[in-house]
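Numbered as in numbering that gives the first Met the number 0, the first sequence ends at 677 without a single skipped number. Ideal Cβ positions, reconstructed from N, Cα and C, are used throughout, including at glycine. Computed from a prediction, not measured in an experiment: that's the story for all the values here. I have placed the structure first, in the form of structure tokens, so that the comments after it can refer back to it.
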Amino acid sequence: MNLEKFRQSLPIYSIRHRLIAEINKNPTLILLGETGSGKTTQIPQYIYGSHSHMKGMIACTQPRRVAAITVAQRVSQEMNSELGKTTGYCVRFEDCTSPETKIKYMTDGMLLREAISDPLLLRYSVIILDEVHERTVHTDVLLGIVKSAQQKRSTNKKFHKPLKVILMSATMDVDEFSAYFNKAPVVYLEGRQFEVDVFHSVQEQTDYIFSSIATIFQIHKTAPVNEDILVFMTGQEEIESTVKTISELNKSNGKLSPMLVLPLYAALPSAKQLKVFEKAPSGCRKVIISTNIAETSITIKGIKYVIDSGMIKGKLYTPQNNLELLKVHKISKSQAWQRTGRAGRESSGICYRLFTESEFESMTLNTVPEILRSNLLSVALQLTALGIDDLINFDFISKPSVEALTTALNDLELLGAVKKFFKDNNGTENPEPVSKKRMISFRYELTEMGRKMAHFPLDPKFSRCILSADKLGCVEEVLKIVSVLSVDSVFHAQTNTSNKRDQAEAARQKFSSADGDHITLLNVYKAFMANKSSSKEWCQENFLDLKNLKLAVDINKQLKDICTKNSIKLTSSSNDSVKIRMALISGFFMNAAEYQKENEYKTMTSRQTVLIHPSSVLFNSKPACVLFNEIVKTNKTYMRDVSVISSNWLMETNPTYFKSKIKNLNDYSLSNLNSNIR
DNA sequence: GAGCACTGC
């Protein structure tokens, strides 16, 4: 079938005239399209065909890079034009557009970046936000920005062309979006999804791993061997052990046909990930045990059965102690349907839910938007940089708690990115509250420092480190450390055998620095750059992750460009590790901890008891004072990415902050604070 | 002596 015929065969094609009429009639339109409706590829083309006289571009945002790229490729084929001309895409590290580009597919994060220099998004006449139901932080923030840009452009018609907004969603619950956009009308688009029979457990399951295994064998014993199974579980460790158990059970049975059991999760090296796309040998059944990566990011053909544990490992945030943690919890109804749909891509399928029908009914309808489960430091800086000075009252589609927003703004103030102004009932502004009664409101203004920080695609804490490195003369080194910290671990996790673990440990020792993990990561980066010619083999020898190191190099290049554009010189302190750690303190001084006793530390800010993570090079040493990147909470509370510092440095970097902290310290900590590194 | 769902700028 040729491309034009294919386009005409899509269900959406027959209603294209009505769609265009609706789009022309309404400033905002919501399209509810099932999978396979063709909305992502067709809608921008229909608009282009009818609005080609308009000067601005049509943007179509996607939550994921691959989606933006592959859809743009497809559409440029359908339009029979070269990619990057009329149709292009723009993602981090890759801008495949030109002055003639009219349809621009991009990641939502990319449009957010553009908004910082162009809050009214004047380049665009139409903005399509796709997959809004996923409710990523980026999409949620964009909804607010796009709504405000649309209002401003419509009230200021003399100067600006109106902005057309289209939201595309895959879930039935679009009332919230419609209400947010002044009761925008909703158009339903028919999809092309095959039917999936759903079976619930009769009794509540206490052990979903056991139930998954039992269900897999129940299918394996009866169903044709060419029908593949996809199982949804929660994490790497659990998936690896389940893969092993199933393979061994099936082999030891002897009577059953062979099974190819494959793990799938994001941290899996890409070569192993690609195996899930290969066909199993004939007479062998393919079983994939996956995290939620197979819910949206990776689509596998030939899945006939889905087994859904009903569980997910996800991020939770508590503003009380400013901590993000990962926890296994129940999925939402919409996630359950998303997983179910993975069995009906090419033909009808079957989904076994390892929970009862009443358990399903008790699930929340939609997943809690990510913005309500996140630390908002980056979001707060970005929105302040966009000129929003009253974040507490910003029109979010889902409003984060005042506590979460206040925590973010306070931290930004501590980092020197914003300044707080109090307003009294006469309307006079004051940097200090004169009296509590008279101060009726406050607002935050971006500082010069904050303006520079907002240019970096980083956590503001990292951006602050770079700006301090500029003063201290160690920009090169800090950029390298920040780049490595921006990617997943560059050290390969070795869970297989203790022998392998020891080898990996020995390899790591080569880069190890007594100053801590930050300098160790700098050593890894430098060594990788020095050995680039044989990088693949070199990484294998040293148990390092090539993919993540390459990504760190790309990030480093991007950060260097941003530095150059902002007249930050790429200075180097060569081996002066003190300067580097001083720069790190300027962004992470809130993450300092003091040694107490028996390997225990107490954080200076929240007085939490924490330990050095066993993966740290400082695991067996007990420095009096350390700086850490993040806290991870598992059975115990650990600090990850730890460096030795002196408490005097903390006082030097931020005296006002630590003066107030010292008041709260007990005598033991005070004596510790005055001592240096042991 | 332990363990990191997933995106993205």
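Residue from D487, K525, L543, K531 whose Cα sits closest to the Cα of A505: L543
Assigned secondary structure, A148 (DSSP; H/G/I helix, E/B strand, else coil): helix
CB contact flag (L142, V131, <9 Å): yes
Whether N321 touches N374 by CB criterion (9 Å): yes
Collapsed DSSP secondary structure at V186 in the structure displayed: strand
Ranges of the alpha helix (DSSP H) found wholly within the segment 54–115, counting only runs of at least 4: 64–77
Where N522 falls: helix, strand or coil (DSSP): helix
Length at least 3, wholly inside the segment 311–375: the beta strand (DSSP E) runs in chain order: 322–329, 348–355
Through-space distance from N181 to E402, alpha-carbon basis: 28 Å
Test item: CB-CB of F231 and S331 under 9 Å: no
Boundaries of the beta strand (DSSP E) in which V609 is found, first to last residue: 608–611
Collapsed DSSP secondary structure at Y304 in the structure displayed: strand
Separation of K621 from T60, as counted between CA atoms: 48 Å
Bridge-paired residues (DSSP) for V417: L445
Assumed close pair S614, V625 - CB separation to whole angstroms, cut-off 8 Å: Wrong, their Cβ atoms sit about 14 Å apart, outside the cutoff.
Residues near R191 in its chain [Cβ-Cβ closer than 6 Å; skip 5 each side]: G35
Beta-carbon contacts of A169 that lie in its chain and below 6 Å, excluding the five residues immediately before and after: H132
Close Cβ partners of D666 (< 6 Å) along its chain, the five nearest in sequence each way excluded: Because the pLDDT of D666 is 40, which lies under 50, any placement of that residue in the model is unreliable, and the number read from its coordinates should be weighed accordingly. Contacts found: none.
Buried versus exposed, by CB contacts within 10 Å (16 or more), Q44: buried
Selection from E369, P62, A114 that minimises the alpha carbon distance to Y104: P62
Under 9 Å between C-beta atoms of F461 and S485: yes
Contact check, P184 vs S124, beta carbons under 9 Å: no
Beta-carbon contacts of I208 that lie in its chain and below 7 Å, excluding the five residues immediately before and after: E237, T241
Own chain residues within Cβ distance below 8 Å of N598, not counting five before or after: L610, I611, K621
Proximal residues to H491 (C-beta, below 6 Å), its chain only, five neighbours per side dropped: F542, D544
Distance cut-off 8 Å: A506 Cβ against heavy atoms of the ligand ATP: This structure lacks the ligand ATP, and indeed carries no ligand of any kind.
Residue burial classification, A213 (beta-carbon count within 10 angstroms, cutoff 16): exposed
Three-state secondary structure assigned by DSSP to N711: Nothing can be reported for residue 711, as the shown portion of the chain is limited to 0 through 677.
DSSP-derived helix/strand/coil call for N671: Bear in mind that a pLDDT of 46 at N671, under 50, signals an unreliable position, so the number given afterwards is only what the model happens to contain. Reduced to three states, the DSSP call for N671 is helix.
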